[in-house]
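So the protein sequences, as listed, match chains C and S. Its first residue numbered 1, the first sequence is counted upward by one per residue in our numbering. Its first residue numbered 279, the second sequence is counted upward by one per residue in our numbering. Just so it is clear, CB atoms sit at the ideal spot from N, CA and C, and this is done for glycine as well.
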Amino acid sequence: VRQGFIKSPLPWLGGLIVLYLAIPVIGFVVRLVGAQNRGFADLGLFPSLFVSLESASISLALITLLGVPLAYLLARSAGRVASFVGLVVMLPLALPPLMSGILLIYLVGPYTYLGRLFDGRLTMSLTGVVLAQTFCAAPFLIVAARSAFGTVDPAMLDVASTLGHSEFSRFRRVALPIAGPGIRAGMLLAWLRAFGEYGAVIVLAYHPFSLPVYTYNQFSGAGLPTTVAPTALALGVAVVVVVLSRLPLRGISTSSVVPPEPVRHRPSPRHVPPRTHP
Amino acid sequence: VSWYDQFASSPLVLGYNPSSKFAQALKSKPWYEVISESGFHIGRTDPATDPKGVLADDALDQAAKKHDLPELKTLGTETSDVFPETSLVGELQAGQLDAGFFYGVAAAANIKTVPLTGTSLAGEYTITILNKAPHEAAAVAFVNFLLGKAGQKILAKNGVLAAKPKVSGLQFAPIGVEAALK
Chain C
1 VRQGFIKSPL PWLGGLIVLY LAIPVIGFVV RLVGAQNRGF ADLGLFPSLF
51 VSLESASISL ALITLLGVPL AYLLARSAGR VASFVGLVVM LPLALPPLMS
101 GILLIYLVGP YTYLGRLFDG RLTMSLTGVV LAQTFCAAPF LIVAARSAFG
151 TVDPAMLDVA STLGHSEFSR FRRVALPIAG PGIRAGMLLA WLRAFGEYGA
201 VIVLAYHPFS LPVYTYNQFS GAGLPTTVAP TALALGVAVV VVVLSRLPLR
251 GISTSSVVPP EPVRHRPSPR HVPPRTHP
Chain S
279 VSWYDQFASS PLVLGYNPSS KFAQALKSKP WYEVISESGF HIGRTDPATD
329 PKGVLADDAL DQAAKKHDLP ELKTLGTETS DVFPETSLVG ELQAGQLDAG
379 FFYGVAAAAN IKTVPLTGTS LAGEYTITIL NKAPHEAAAV AFVNFLLGKA
429 GQKILAKNGV LAAKPKVSGL QFAPIGVEAA LK
């Protein structure tokens, strides 16, 4: 077995990409420790970090509120309309973000119908940052949530239905708990995507500076050394989020969805037949 | 480099979006009064990295002093109106800016402009041939082309004002381009 490990090309190929992905991060950490003039004192740094944290969180809230129901419906339907809608919501994923920004500016720019309605405040504002981030990050959650809902056994939903649960109740009490971990993974991805969005944001809202725009501005204006600080902050945020994604979800796992508990109040989808079904 | 020739210039102007609600005012009133009105979004470039940004600041300062409008000077110190040079045109056309500081050549790029009355600031175009240039003959040929009739025609077509050659540095023009620099 050991010899096979050495002879097979797979570990070598895999190892190379691990090196390529890890070395820049390690190299950056070494540089961070030793560098001078890292840019931590720049007055624009933390305001831009807060703009990014705030906008990415608002974007995620919007994406989750609207995207999870859509993902559930898409997973439950197989018609032509559903597959067309599924394709449309994937488009931002396929599009270069900068082009997404161009599409959006024609919709929400100050002289567009929507733009006039909001007195031009849909761009060059936190709203603009959120609009750009939401457009680019939403597919990440929708894809993840749709495949998570896809793993829900339709029979379980049918059973819940026979127990008198409405569509919304089936969604909330059966599908959501089972799809929970997958949705959470999608939410984290979407948040990270929103946090890091540059292309669409820079078209819609160059100001107020979000962290990526600020970083590029430092890079092109003040030079490379002062981009160390924003890069370190982004790296720190990324580590925190990835660690969060590894924590077990409290109370939700595939085994706890169908707990063999006795019925106390009314029948709930957690209590599947034959025991609770008359 | 031991010499350079200033051969053309392009005045600093105010480019504006014709759909802006301030467009009419910009055409009829002095620019320095309009841009300090509330709600006016003006874009300029970073004076730390872009010469046009410096010129824009100069224009604001001059107008502030001349017309006793201290708010213009304040405009020049705000950072929320600073944009990368390369995105200024797009922001203006998308309507995110009502106006921005541009060179006169911008008029050729289909941007509506008004002159910055009361100032005479301009971007200057200079050219040189590097000492020990690896392709000196080609460089000489290019300078002669640019400063010759054909080159001047192209410059004029693109909104650049040709100027009488003004050589700085060497007392005598380098071999090959003496005639063109006269």
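What three-state label does DSSP hand residue i in the structure shown?
i, result
"residue 311 of chain S", "helix"
"residue 457 of chain S", "coil"
"residue 264 of chain C", "Below a pLDDT of 50, predicted positions are generally treated as unreliable, and residue 264 of chain C, at 45, falls in that range; no measurement from the model is reported."
"residue 121 of chain C", "coil"
"residue 256 of chain C", "A caution first: residue 256 of chain C carries a pLDDT of 43, below 50, which makes its placement in the model unreliable, though a value can still be read off. Correct three-state label for residue 256 of chain C: coil."
"residue 9 of chain C", "helix"
"residue 391 of chain S", "strand"
"residue 153 of chain C", "coil"
"residue 296 of chain S", "coil"
"residue 396 of chain S", "coil"
"residue 287 of chain S", "strand"
"residue 138 of chain C", "helix"
"residue 375 of chain S", "coil"
"residue 447 of chain S", "strand"
"residue 406 of chain S", "coil"
"residue 20 of chain C", "helix"
"residue 145 of chain C", "helix"
Taking the Cβ atom as the reference point for each residue, do residue i and residue j lie within a distance shorter than 8 Å?
i, j, result
"residue 301 of chain S", "residue 295 of chain S", "yes"
"residue 112 of chain C", "residue 205 of chain C", "no"
"residue 82 of chain C", "residue 74 of chain C", "yes"
"residue 155 of chain C", "residue 190 of chain C", "no"
"residue 40 of chain C", "residue 229 of chain C", "yes"
"residue 226 of chain C", "residue 42 of chain C", "yes"
"residue 322 of chain S", "residue 334 of chain S", "yes"
"residue 377 of chain S", "residue 426 of chain S", "no"
"residue 131 of chain C", "residue 108 of chain C", "yes"
"residue 171 of chain C", "residue 72 of chain C", "yes"
"residue 245 of chain C", "residue 176 of chain C", "no"
"residue 320 of chain S", "residue 366 of chain S", "no"
"residue 447 of chain S", "residue 280 of chain S", "yes"
"residue 284 of chain S", "residue 444 of chain S", "yes"
"residue 290 of chain S", "residue 337 of chain S", "yes"
"residue 141 of chain C", "residue 186 of chain C", "yes"
Relative to the alpha-carbon of residue i, which residue among the options has its alpha-carbon at the smallest distance?
i, options, result
"residue 102 of chain C", "C:151, C:201, C:245", "C:201"
"residue 87 of chain C", "C:143, C:131, C:43", "C:143"
"residue 237 of chain C", "C:205, C:36, C:134, C:192", "C:192"
"residue 106 of chain C", "C:145, C:69, C:128", "C:128"
"residue 400 of chain S", "S:388, S:409, S:420, S:379", "S:379"
"residue 207 of chain C", "S:283, S:441, S:324, S:361", "S:361"
"residue 53 of chain C", "C:209, C:248, C:224", "C:209"
"residue 47 of chain C", "C:131, C:134, C:126", "C:126"
"residue 36 of chain C", "C:223, C:51, C:110", "C:223"
"residue 121 of chain C", "S:375, S:442, S:421, S:393", "S:375"
"residue 95 of chain C", "C:199, C:212, C:181", "C:199"
To the nearest angstrom, how far is the alpha carbon of residue i from that of residue j?
i, j, result
"residue 381 of chain S", "residue 355 of chain S", "21 Å"
"residue 174 of chain C", "residue 57 of chain C", "26 Å"
"residue 314 of chain S", "residue 347 of chain S", "9 Å"
"residue 254 of chain C", "residue 148 of chain C", "Low confidence applies here, because residue 254 of chain C scores a pLDDT of 47, under 50, leaving its location unreliable and the question unanswered by this model."
"residue 242 of chain C", "residue 32 of chain C", "21 Å"
"residue 163 of chain C", "residue 62 of chain C", "32 Å"
"residue 373 of chain S", "residue 312 of chain S", "17 Å"
"residue 260 of chain C", "residue 145 of chain C", "In this prediction, residue 260 of chain C has a pLDDT of 36, which is less than 50 and means its spatial position is unreliable; nothing more can be read from the coordinates."
"residue 423 of chain S", "residue 412 of chain S", "19 Å"
"residue 318 of chain S", "residue 359 of chain S", "11 Å"
"residue 16 of chain C", "residue 235 of chain C", "22 Å"
"residue 309 of chain S", "residue 220 of chain C", "31 Å"
"residue 64 of chain C", "residue 153 of chain C", "22 Å"
"residue 495 of chain S", "residue 345 of chain S", "Residue 495 of chain S lies beyond the range of chain S shown here (279 to 460); nothing can be said about it."
"residue 25 of chain C", "residue 89 of chain C", "33 Å"
"residue 240 of chain C", "residue 135 of chain C", "24 Å"
"residue 414 of chain S", "residue 404 of chain S", "18 Å"
"residue 398 of chain S", "residue 307 of chain S", "18 Å"
"residue 293 of chain S", "residue 395 of chain S", "13 Å"
"residue 99 of chain C", "residue 288 of chain S", "32 Å"
"residue 51 of chain C", "residue 110 of chain C", "21 Å"
"residue 14 of chain C", "residue 7 of chain C", "14 Å"
"residue 232 of chain C", "residue 84 of chain C", "41 Å"
"residue 55 of chain C", "residue 167 of chain C", "32 Å"
Can we count residue i as close to the ligand ADP, meaning its CB is less than 7 Å from some heavy atom?
i, result
"residue 168 of chain C", "The ligand ADP is not among the ligands present in this structure, which contains no ligands whatsoever."
For chain D, is any of its Cβ atoms less than 8 Å away from the one on residue i?
i, result
"residue 326 of chain S", "In summary, chain D is missing from the structure at hand, where the protein chains are C and S."
- Task: Could you name the residues of the segment 366-377 of chain S whose beta carbon sits closer than 8 Å to any beta carbon of chain C, in the order they occur along the chain?
- Result: Listed by position along the chain: 368, 369, 372, 373, 374.
- Message: Using a Cβ-Cβ cutoff of 9 Å, what residues of the segment 337-366 of chain S are near chain C? List them in chain order.
- Response: Flagged, chain order: 357, 358, 359, 360, 361, 362, 365.
- For the segment 192-210 of chain C, which residues have a CB atom closer than 7 Å to at least one CB atom of chain S, in sequence order? The residues in question are 206, 207.
- Using a beta-carbon distance cut-off of less than 7 Å, what residues from the segment 297-308 of chain S approach chain C? Near chain C, meaning a CB-to-CB distance below 7 Å, the residues of the segment 297-308 of chain S are 297.
- Interfacial residues, the segment 220-231 of chain C to chain S, with Cβ spacing under 9 Å: Against chain S - using a Cβ distance shorter than 9 Å - the residues of the segment 220-231 of chain C are 220, 221, 222.
- Task: Scan the segment 118-142 of chain C for residues whose Cβ lies nearer than 8 Å to a Cβ of chain S and list them as they occur along the chain.
- Result: Those would be 120, 123, 124, in chain order.
- With 8 Å as the limit, tell me which residues of the segment 99-111 of chain C have their beta carbon closer than that to any beta carbon of chain S; keep them in chain order. Hits within the stretch, in order: 105, 109, 110, 111.
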